[in-house]
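Under the numbering used here, the first residue of the sequence shown is numbered 215, with each subsequent residue one higher.
Structure, as structure tokens:
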Amino acid sequence: METLLIITVLVVIFALAFDFINGFHDTANAIATSVSTRALKPRVAVLMAAVMNFVGAMTFVGVAKAVASGIVDPFSLNAFEGDVTGSVVILAALSSAITWNLLTWYFGIPSSSSHTLIGSIAGAAVASAGMDILNYEGFFKILQALIISPILALTVGFIVMKLFKFIFKRSPLYSTTKAFRLTQIGTAALQSFTHGTNDAQKAMGIITMALIAANWQSTDEVQDWVRFACALAMGLGTSVGGYKIIKTVGGKIMKIRPVNGVAADLTSASIIFGATVIALPVSTTHVISSAIMGVGAAQRVKGVKWGMARKIVITWFITLPISALMASIFYLLFSLLF
215 METLLIITVL VVIFALAFDF INGFHDTANA IATSVSTRAL KPRVAVLMAA VMNFVGAMTF
275 VGVAKAVASG IVDPFSLNAF EGDVTGSVVI LAALSSAITW NLLTWYFGIP SSSSHTLIGS
335 IAGAAVASAG MDILNYEGFF KILQALIISP ILALTVGFIV MKLFKFIFKR SPLYSTTKAF
395 RLTQIGTAAL QSFTHGTNDA QKAMGIITMA LIAANWQSTD EVQDWVRFAC ALAMGLGTSV
455 GGYKIIKTVG GKIMKIRPVN GVAADLTSAS IIFGATVIAL PVSTTHVISS AIMGVGAAQR
515 VKGVKWGMAR KIVITWFITL PISALMASIF YLLFSLLF
């Protein structure tokens, strides 16, 4: 029992650390366009994002439940007679996800915290009990959301930008730019709110899994203290900021102007929030990056720096398998320790 308690406490600490890292890793996603167009100063944008991330994280729990039970049935991880296997699986998954997030943050690559967490959970679970442990229906449903959401963002971003060009084609350039720069303050706040509604819940789901695995919770309901702790960790992480990735998302994909920023923000915020409403985790990183690509392509296909876009897509594909492999290695190591 003492070992189980220690591992569960470690899981909670690691989950909050993951949420904190997710905050500074993904801050750029919500505010990169507003910073790059100088609608907001970086420090102001980061603080605003931190507050709105916290508010968004406290508002919904559907995605947390999807993470808690959609990939692996948490009740199959229940510990009996001192068995700590389920808790070790979750600890290994978090260790893998944190490692990948830190590596990609260090190199300024806008990878997906969602991809790495989901791949890590699956990898650690399979290493412990084989392929049958996976909840295939929920797992493939989540994978579909991860695949479809960036494609949808690219398409909708293209359409929204085309509409903006048509609606404002006769408007004076200076006044239009000024109006869109002011509008970006609101869209950046909205973007940060939706980021909190989806991303912060993933850590909530992990802690809920750990409590179920330890037999300290009998349902997949997210406890209030878990919601508050994860929301606070996300908000604090966001306040640290992710300036390396702001540079990538805000400037290396395409040259962003206020009208582009508003179109990209509205596109990605609507898709992320839509996913939250139907309780599906999506990659906020890839939704926002894809929205920016779609907006850029609507103006001038050659204006999009497709080399950076290709780098993001490659990261999209490799994150799941690499995370699964790392998680399985962490599981084997932790199995020796515990």
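C-beta atoms are modelled at their ideal positions from N, C-alpha and C, and glycine is treated no differently.
With H, G and I counted as helix, E and B as strand and the rest as coil, what does DSSP make of residue i?
i, result
"L494", "coil"
"F544", "helix"
"L254", "coil"
"V265", "helix"
"V225", "helix"
"W430", "coil"
"T273", "coil"
"V473", "helix"
"S537", "helix"
"G465", "Low confidence applies to G465: its pLDDT is 48, below 50, so where it sits in the model is not reliable enough to give any reading."
"S503", "helix"
"D297", "coil"
"K376", "helix"
"E435", "coil"
"S385", "coil"
"R514", "coil"
"F531", "helix"
"F234", "helix"
"F394", "helix"
"F353", "helix"
Just to confirm, is the Cβ distance from residue i to residue j under 7 Å?
i, j, result
"A505", "G371", "yes"
"I312", "F442", "no"
"T422", "A282", "yes"
"Q405", "A259", "no"
"V298", "T217", "yes"
"M375", "A512", "yes"
"A306", "A538", "no"
"K383", "P495", "no"
"D413", "T498", "yes"
"T401", "D479", "yes"
"F353", "I285", "yes"
"H329", "L551", "no"
"A229", "Y545", "no"
"V476", "I486", "no"
"A339", "V303", "yes"
"S327", "N315", "yes"
"G449", "F268", "yes"
"A271", "G451", "no"
"F407", "M266", "yes"
"T529", "I323", "yes"
May I ask which residues mark the beginning and end of the alpha helix (DSSP H) holding residue i?
i, result
"G322", "Neither: G322 is in no alpha helix (DSSP H) and is coded neither H nor E."
"S453", "D438 to V454"
Going by DSSP, name the residue or residues bridged to residue i.
i, result
"L348", "V286"
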